Each structure stands twice: as C-alpha cells, then as structure tokens.
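Engineer: A single structure is presented below for examination.
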Amino acid sequence: MATLSFLHSQLFVTPPIPTHDFTNQVILITGANRGLGLEAARHLVRLNAAKVILAVRSVAGGEEARKELEMSTGRHGAIEVYELDMASHESVQVFVSQIESSLDRLDMVLLNAGIYTQDFVLKDGYESTLTVNVINTFLLAILLLPKLRRSAEVTKSTPCISVVASDRHVMNNLPEWRESSSFALLSDPKKADMNQRYYVSKLLQILLARAMAARIIPEQGSAGPWVVLNSLTPGYCSSGLLSNAHGLTKFAFWVLAKATARKPEVGARTLVGAISKGVEGHGKYLNDGEIDENSLSPFVRSEEGKLAQDKMWAELMGILETVKPGIQELLISTKAWEALSPCLPSRTPDLDYWWALTGTHLAIMLEAGGYSIEKQYEALIFHYHWVVPYMGPAPTADGRLKWKSLLGVEGSPIEYSWKWNTPTSKPDVRFTMEAINEFTGGPLDPLNQDASRRMLHRISEAVSSVDLTWVNHFFATLYDHDQSKYVAEAAAGAHFTTTIMTALEFLPKGLNLKTYFIPRRLGQTSGQIPLAQWDESLAKLDPDNAAKAAVYEFLDGNHEGKLLSPFMLAVDDVIPAKSRLKFYFQTPHTSFASVREIMTLGGKIQVPEDQLNDLRTLIAAVTGLDTDFPEEEEVPCAPEYNPSAKDNFVELPILLQGYLYYFDIAPGATLPNIKFYTPVRRYGRDDLSLAHGTMSWMKSHGRGEYCDRYLSMLQALSPHRPLDQGKGMQTYVSCLFRKNGELDITSYIGPEAFAPTRLANGHGQLNGAKKATRRRSNS
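First residue of the sequence shown? That's 1 in UniProt numbering, and the numbers climb one at a time after it.
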C-alpha cells in the first residue's frame, strides 16, 4: 500500500505552484544553498518575503546561491546568508544568538538541512545522521521559539516551523525505541545499521515533530498554538542528497530517480505550502503540500508509535538539557512570567533563588492549566510577595539544607498539585509549602512553626476571606509550648521534622488557603500521637460530631479500620462554618478490597459500583497493573527509589508505603467524605510511564483535553532528568467520589528541587535568579 501511494504521488500528483503572499515576513531556511532549500528560497523571494535567511554550512556557497537568486528573481537586498553547521551544537547556539541580535522579527522556519550517509561517523557524541537530522534540528527549533513568539506578539501573525521529513519513514519501525538509551544504541558503531539510518532519522523527525507540537502550549485564549509546527514530505526529488550512497544502493536510487523523481523546484512547492498552512496544520503531517495523516506509516499512527514518540522525546530532552540547560522551559510560553520577572526587583540571594525556581514552576503550571493571563498575574504576584519570603535559605553550593521538609523526599519545602479537569471544568493548580525562616530548627523554633504563623498572620491581614480560628485552635492543642524542653530533646538526639504546612489553591473564585498539622508532643517516641490525644483536640471543637463518631466506630470495629494510623489533620483557613476538617490516616494494605472497604466506610457509605470500578481502573493505570489484577492481592511495591527518603522520613516512615486516606469530619456532617491517595512514587513505574497511564485513563473517560499540556508541563518541570529515567516527580494520585458520579482526581508533583542532578547541572535556579528579577538602581 505504501509503495502504491508513493508511486501515485510521484507519477500522478503535481503540487500546485504556491501563491501565498509573504509580504513583510522574515523566513529562515536551513540547507538553503542547493536543492530543495534553494528552490524554496526562490519561491519565497518571488512571493514577496521581506527577507529570506539562507542558513548554510559554507558561507561561500551561500553567497553564490544569494547572487543566483537575486539574478533569477530580480530582487536585491532580500536575501541574507548566515553560517550554520548543523553537525555542531555550538554552531547552532551561536547561530541562534546571531538571529536574536540581528533580526527584528522572525516569522517562518524551514528546517530543511539534512544528510544521507552510509559511513559511520560521530558528531558531538552521536552518529552524524542523528546529530544533523534529529538532535540539532530540534535543538534549533526549540531555541528559535522565543524569537518566533516575540515576533508573533508584535506582528499579530502566526509563525510556523516546518520540519522537512520524508515519506521514506515507512521503511523503519524503530525497534530500538524500547531500549533505555536508544540514541546511544543507535550511535554504537558495532550495532548501527547505516543502510537504514536515513529512514530512522526521518521517522524520528516525524515522531519528534509531533511530540514537540503537542508540547508547545498555546497562549491562553488564542485560537491555536502561538507557534505552528508541522512535518512534511516533499516526495522523492533529484536534489543530490543521496549522492553519498554506495554501490547497489546508489544504483537503486539512480534508477528510482530516473523513473519517478521530482525536480527540486516542484518538491520545494511543498515546503512553501507547509509554512503557509496555518493553525490547521499544527502537529500534522503534509504530503504533496496538503495535510495527509493517512500517508503516515501504520507504526506512527499506532499506540506503540505514540509510546515511542513520547519515549524518544523524553530521551531527546535529556540530551538537549546537557547541551543547553533549561531548554525545556522554552517549550511553554509563559507570557505572565516573561512580563513580570524583569519588572519585579531583586531582593536577597535566597529570595531570588526561590522566586526563580518556584515562580517559573508556578507560571508553567498556570499556563498549562489554561488560566487567564489576569489570573496568572494575580497568582504570581501573590507568590512573589506573600510566599517566597517564607521559603527559607537556598541550598548551599554543595547541596546542604538548613531544614529538610517532609514535602519532598530529598527535603524540598514545596509540592505542587494538578487537580484534573472534568468534561466541564478546567484543571486547578495548587501547591503546598512549609514556611522556613532564620529561626527554623534552632532554640527559638525547634519545631519550625514561627515562619508559618508569621506568614499566615500577614496573609490574614491582607486577604479578608482568611480566618485562622481553627488554625489557632490546633496550634494550641496539638503541640506542647515549653520550647526549652523541645530544645533539650533535640540536644539529646531527637529528630524533629515538619509539623506545619500551608496549601494555596488558585481557584476561579479566588485564593483558598489550607493549613496542615502533624503533631509533635514532648516525649513522643514515635512519629505519631495516639488517637486519644487527637480526640482531646477535636472534641473541644465539636464533641457530638456525627461524622467523627462514624469514623471512630470504623476504626474500632472494622478489620481494615483497625489498621489505619492517624498522622495529620488539615483545615481550610476560612470561618469554621465553611471549613472542612480533614483527618489523614495511613494503612499498610494496598489491595482493592481494602480500598473498597475504606472508601465505603465498611458499607455505611453507598458508592455506585461504576465509581468503584473507575477507581480500580485508575489505580491499575497509574501503577501499571493489569485491570484484572486480583482484588484481594496487595499491589507489588517497587524498590526504594530515593536513598535520601529513608533518612528524611525517620519520624514518619509510614508515608513511604501503603495507601493514605483522609476523612472529612467537618461539624454538621453525618458521614465523612473520604479521599484516597496512592503514593505512585513507590508503587508506580517511571514518571513517563506513570504520566502515560494517568493520561490514558483520562482520555478513556472523556477528560483528555489537558493531557498533552500535563505532559509538557512535567517535561518543563524536570529539566534535570528525562521522565523515563527515574521516578519521584509524580508523588501521589488521589481520588474523591463526587455525588454527580464523577471522580475528583489530583496528581501531586514533587519538583525534586534539591535533587543532586538538578543542583549539579545548575537547574536549581532554572533561568537563573539574576535573570529573573531586575535590581533597583542605587542611584
């Protein structure tokens, strides 16, 4: 079928001569001094492009091409020649710097440069075909995104990147994609099949172009992506590209060219058509100048192909992060961050560090969640003024921390969450943080509560909806207040860790705050206080609480309830009449039979079987289990994934295993609402597989609208490692049954802020604290 389609296209289809008007536009073409690139440039000059950039390896060759184009078109001054060696990472970056500084605008990019060789040669650490056709092609594409976006903002145009691939991608199905390091395997001289290498590179171009298109998050409110990206085949053309073939291969190409090849001018029409296709072409594959997804190979369109696409993208990002640290941040357009960060003054090195790190993270998440630009500004400014000042000292150069928080297994004091969209709602972005200041962990504040209290007090004075009545109650009743005795315990070897956390939810109706309490009493030898001490505090609020009584009955009389261990409590920071009262427990059991028993409170809460089945399939999706995994069996536990977790969770080791639940026992309720948490950092697979599992479940339940944004967001939050190489970015997945039959599902994300790989590679500051803010003048 592919052969017949190819022959029909080559022999019976002639792409139309392009007529699109490119007046005022600046267009860049790689590999532009001969063949398809040269002929595309000729069309574009004829079609009134204001400027055509010939990006070429040989400036002399480029100048010859420029003169020939000017002579043939009669236009002078519209063509410029820039040096670009696509076999060199350094050359690509220098070229982009030149484009940034010398061009007022950039509207279109034709990534046409490519090589065909049967000789194995390494370039910048990888086989040369991969380096030129794939790695540096996408390095260039991503590095040009900021220039294209800024141009679009000024000119109100729709910029486009088109990757010139080939219909010959059908010749290979990339079996290497299943290997842990596919690019390394393909660059092994003992294993490389150079007869297939060109086809592999063209298949990778298509897969990666589709992956990148899915990750270019559009500007909020726009009709399409801020930058269009597509791939195309020009058909088989007599361009001279295959002149490096050997022996019978060269003869076969010669015969094929004589019988079917298009002239370069005809093939170049498809290049011009691709960049003029507009938003409808985003993420698409073009054949004969028109969108034609059906001409893609069955592998590309298959589920396996989609998995290969994301896996190879993750691996490519790992490679490009070593070339250009922080490059993944360029994929998501965070206009709010770009506008705000230069205007907000630098403060101290510690504050600048946290603003650069968490401010960028928050901006990425808000944009991915589809928040309006006004809501993005609101959240970021609030974060800058009210949260960042309480995030404590930055890690030292060697990674040492003043205080290790329980929010991150490596001690980072922040965890993000993404409440998934429903068929009728957008995602909600939230984060939980532990406030830290100069007194944290010292004689004045051994439990680290001063910073949280100061922050909450300041916010309550500024935000009228914040009420700390219940917060103050639990501060008073869940802890002892003789600091000197806590100091003495610390001196005797006691291990103190997180006791207070604050969550901030950025909701459509406004900001919502929650406070979490993990009790630590004097003389406490384990990480948890007994239930009786919890009840002393709770009973003072509502001694006749029916929901609490139902929970206690379950804890006392049910076989699953008896295994539940209380460890934390949370309240909404609003007036008590409107607050939830969430009591958190851990169980060592992970069978779905246990989940069913707890979520129904031993049968007291009627939950439709459809909802229970949805939860069961969700657990299977995020843990990699078969959907028919026996209900009575425990979920297999993965080996410890982070050595630092054991030391950091010495007070609460239960948080590293089993399942978690909360029971909302707010006064007035007769039965609790119950929320389930699976710690996917322990029971799930690598982060990419976990994301795929979650997204697959969402799509199958009509909730897939934000899946691509979610995956793009994760990639941008993880510049220090590919998602398929490790786990821990996604920490929990939670589920709450709603009365309308839907499931409230939330993914929790640990940024691994203090991971050695992030700190070692300079990703702790992302774009860099010095670049994130502008210092006030001292004059």
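Here a beta-carbon is modelled for each residue, glycine too, at the ideal position from N, C-alpha and C.
Please read all numbers here as calculations on a predicted model, not as lab measurements.
Given a cut-off of 7 Å, decide if Val463 and Leu366 are closer than it, judged by their beta-carbon atoms.
Structural biologist: Going by C-beta atoms, Leu366 is not nearer than 7 Å to Val463.
Engineer: If you pair each beta-carbon of the region 669 to 683 with each one of the region 729 to 740, do three or more pairs fall below 8 Å?
Structural biologist: Result yes; three or more Cβ-Cβ pairs closer than 8 Å.
Engineer: Could you check which residue in Trp226, Pro588 and Leu541 has the C-alpha nearest to that of Arg580?
Structural biologist: Checking every option, the nearest Cα to that of Arg580 belongs to Leu541.
Engineer: What number of angstroms, rounded off, separates the C-alpha of Asn195 from the C-alpha of His361?
Structural biologist: When rounded, the distance between both Cα atoms is 44 Å.
Engineer: Should Glu410 and Ala55 be called a contact, given that it needs their Cβ atoms to be closer than 7 Å?
Structural biologist: Taking 7 Å as the Cβ cut-off, Glu410 and Ala55 do not qualify as a contacting pair.
Engineer: Helix, strand or coil for Gly221, going by three-state DSSP, please let me know.
Structural biologist: Bear in mind that the predicted position of Gly221 carries a pLDDT of just 49, short of 50, making it unreliable; the figure below should be weighed with that in mind. In the structure shown, Gly221 sits in coil (DSSP, three-state: anything other than H, G, I, E or B).
Engineer: So, with DSSP's three-state summary, where would you put Pro389?
Structural biologist: It is helical.
Engineer: Kindly indicate the opening and closing residues of the beta strand (DSSP E) around Phe583.
Structural biologist: Phe583 -> beta strand (DSSP E) spans Leu581 to Thr587.
Engineer: May I ask you to report which of helix, strand or coil DSSP gives Thr334?
Structural biologist: Coil, per DSSP.
Engineer: As a quick exercise: from Lys562, Tyr552 and Met695, pick the residue whose alpha carbon is nearest that of Val622.
Structural biologist: Ranking Lys562, Tyr552 and Met695 by Cα distance to Val622 puts Met695 first.
Engineer: Considering Cα atoms alone, identify which of Phe299, Trp337, Thr590 and Arg42 is closest to His169.
Structural biologist: When only C-alpha atoms are compared, the closest one is Phe299.
Engineer: Can you find the residues in the same chain that come closer than 6 Å, C-beta to C-beta, to residue 837, ignoring five residues on each side of it along the sequence?
Structural biologist: This structure does not reach residue 837, given that the chain is present from 1 up to 779, and the question cannot be answered.
Engineer: Got a sec, what are the start and stop residues for the beta strand (DSSP E) Tyr516 sits in?
Structural biologist: Segment Gly510 to Phe517, the beta strand (DSSP E) holding Tyr516.
Engineer: With H, G and I counted as helix, E and B as strand and the rest as coil, what does DSSP make of Ile216?
Structural biologist: Correct three-state label for Ile216: coil.
Engineer: Do Trp355 and Ile459 have their CB atoms nearer than 7 Å?
Structural biologist: No, these two residues do not count as a Cβ contact at 7 Å.
Engineer: In angstroms with no decimal places, state the Cα-to-Cα distance between Arg685 and Glu64.
Structural biologist: If you take the alpha carbons of Arg685 and Glu64, they lie about 55 Å apart.
Engineer: Put Tyr199 into one of helix, strand or coil per three-state DSSP.
Structural biologist: DSSP places Tyr199 in helix when its eight states are reduced to three.
Engineer: Which runs of the alpha helix (DSSP H), 4 residues or longer, sit entirely within the region 563 to 628?
Structural biologist: Here the runs fully enclosed are 592 to 599 and 609 to 623.
Engineer: Determine, using beta-carbon pairs with one atom in the region 475 to 483 and one in the region 508 to 520, whether at least three such pairs fall under 8 Å.
Structural biologist: The region 475 to 483 vs the region 508 to 520: in contact.
Engineer: Among Leu401, Gly318, Ser297 and Lys156, whose alpha-carbon lies nearest the alpha-carbon of Trp226?
Structural biologist: Of Leu401, Gly318, Ser297 and Lys156, the residue nearest in Cα terms is Lys156.
Engineer: If we call anything under 7 Å between Cβ atoms a contact, is residue 781 one with Val163?
Structural biologist: Absent from the structure is residue 781, since the part of the chain shown begins at 1 and ends at 779.
Engineer: Based on Cα-Cα distance, which residue from Pro576, Trp177 and Arg149 lies nearest to Ile332?
Structural biologist: Per the Cα distances, Arg149.
Engineer: Can you check which of these residues, Asp482, Asp628, Arg738 and Thr746, is closest to Met599 by C-alpha distance?
Structural biologist: When each option's Cα is compared against that of Met599, the closest is Arg738.
Engineer: Do you know how far the Cα of Pro15 is from the Cα of Ala214?
Structural biologist: Ala214 and Pro15: Cα-Cα distance of roughly 28 Å.
Engineer: Counting only the same chain and skipping the five closest in sequence on each side, list residues whose C-beta sits under 8 Å from that of Thr19.
Structural biologist: Excluding sequence neighbours, Thr19 sits near Leu47.
Engineer: Where Gln725 and Gly318 are concerned, what is the direct C-alpha to C-alpha distance, given to the nearest angstrom?
Structural biologist: For Gln725 and Gly318, the distance between alpha carbons rounds to 9 Å.
Engineer: For a minimum of 4 consecutive residues, which ranges assigned as the alpha helix (DSSP H) are wholly contained in the region 152 to 202?
Structural biologist: Segments of the alpha helix (DSSP H) lying fully in the region 152 to 202: 182 to 186.
Engineer: Since Ser417 sits in a beta bridge, which residues does DSSP pair it with?
Structural biologist: DSSP, once it has assigned bridges, lists Arg430 and Tyr748 as partnering Ser417.
Engineer: For Ala368, which option in Ser591, Cys707 and Trp470 has the closest C-alpha, if you only look at C-alpha atoms?
Structural biologist: It is Cys707 whose Cα lies nearest to the Cα of Ala368.
Engineer: Excluding the 5 residues flanking Arg75 on each side, which residues of the same chain have their C-beta closer than 6 Å to its C-beta?
Structural biologist: Counting only Cβ-Cβ distances below 6 Å, and skipping sequence neighbours, we find Val45.
Engineer: Report the option in Phe506, Ser565, Leu717 and Lys509 whose CA atom is closest to the CA atom of Ala532.
Structural biologist: Answer by Cα proximity: Ser565.
Engineer: Can you tell me whether DSSP reads residue 820 as helix, strand or coil?
Structural biologist: No answer is possible for residue 820: it lies beyond the span of the chain, which begins at 1 and ends at 779.
Engineer: If you run the structure through DSSP and keep just helix, strand and coil, what is Glu80?
Structural biologist: In the structure shown, Glu80 sits in a strand (DSSP, three-state: E or B).
Engineer: By Cβ distance, which residues of its chain are closer than 7 Å to Trp534, with the 5 residues on each side in sequence left out?
Structural biologist: The answer, listed in chain order, is Pro566.
Engineer: Under a Cβ-count criterion, where at least 16 other Cβ atoms within 10 Å of its own Cβ denotes burial, should Glu90 be classed as buried or exposed?
Structural biologist: Per the 10 Å Cβ criterion, exposed.
Engineer: Less than 8 Å between C-beta atoms, sequence neighbours within five positions excluded: which residues of the same chain meet that for Leu671?
Structural biologist: Excluding sequence neighbours, Leu671 sits near Ala546, Ala547, Ala550, Leu601, Lys604 and Ile605.
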